[in-house]
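When we follow our numbering, the leftmost residue of the sequence shown carries the number 6, and every step to the right adds one.
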Amino acid sequence: QVQLVESGGGLVRPGGSLRLSCPASGIIFSINSMGWYRQAPKKQRVLVATITSGGGTKYADSVKGRFTISRDNAKNTVYLQMNTLKPEDTAVYYCNLETSTGVVYWGQGTQVTVSS
Numbered sequence: 006q007v008q009l010v011e012s013g014g015g016l017v018r019p020g021g022s023l024r025l026s027c028p029a030s031g032i033i034f035s036i037n038s039m040g041w042y043r044q045a046p047k048k049q050r051v052l053v054a055t056i057t058s059g060g061g062t063k064y065a066d067s068v069k070g071r072f073t074i075s076r077d078n079a080k081n082t083v084y085l086q087m088n089t090l091k092p093e094d095t096a097v098y099y100c101n102l103e104t105s106t107g108v109v110y111w112g113q114g115t116q117v118t119v120s121s
């Protein structure tokens, strides 16, 4: 069983920064990609950023230039550096892992609140 545990969320003022972390544990044979999604109140969960095992990245247009996803393959950990945060970034952020066989795992989520 694979477990993902997000950390690093919290309350921050507009313009501030946060860094999310998500280590994966358990029996993992092959990871295709890891990523971050977010879900604001009364809205659907949407992609924020993903990174493949080869280092290829993809970002939502709303976070390009402000957020950076990175990955430590040796530790099976994915990070999300979030800079210049805006109130509209407020959401629960979920970590995601997809194996090479197409199995998808989710973390329990971490709350990010951007407010003055």
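Positions of the beta carbon are idealized from the N, C-alpha and C atoms, including for glycine.
Asked                                                                                                   : Found
Boundaries (first-last residue) of the beta strand (DSSP E) holding aspartate 77                        : 72-77
Coarse secondary structure for lysine 80, derived from DSSP in three states                             : helix
Pair within 9 Å by beta-carbon distance, threonine 82 and serine 35                                     : no
Close Cβ partners of glycine 21 (< 7 Å) along its chain, the five nearest in sequence each way excluded : Leu90
Inter-residue Cα distance where the pair is valine 119 and asparagine 88                                : 11 Å
Range covered by the beta strand (DSSP E) that runs through glycine 20                                  : Unbroken run through glycine 20: none, as it is neither H nor E.
Which of helix, strand or coil DSSP assigns to aspartate 11                                             : For clarity, residue 11 is glutamate in the given sequence; the question names aspartate instead. Coil at glutamate 11, not helix or strand.
Under 9 Å between C-beta atoms of tyrosine 98 and tryptophan 111                                        : no
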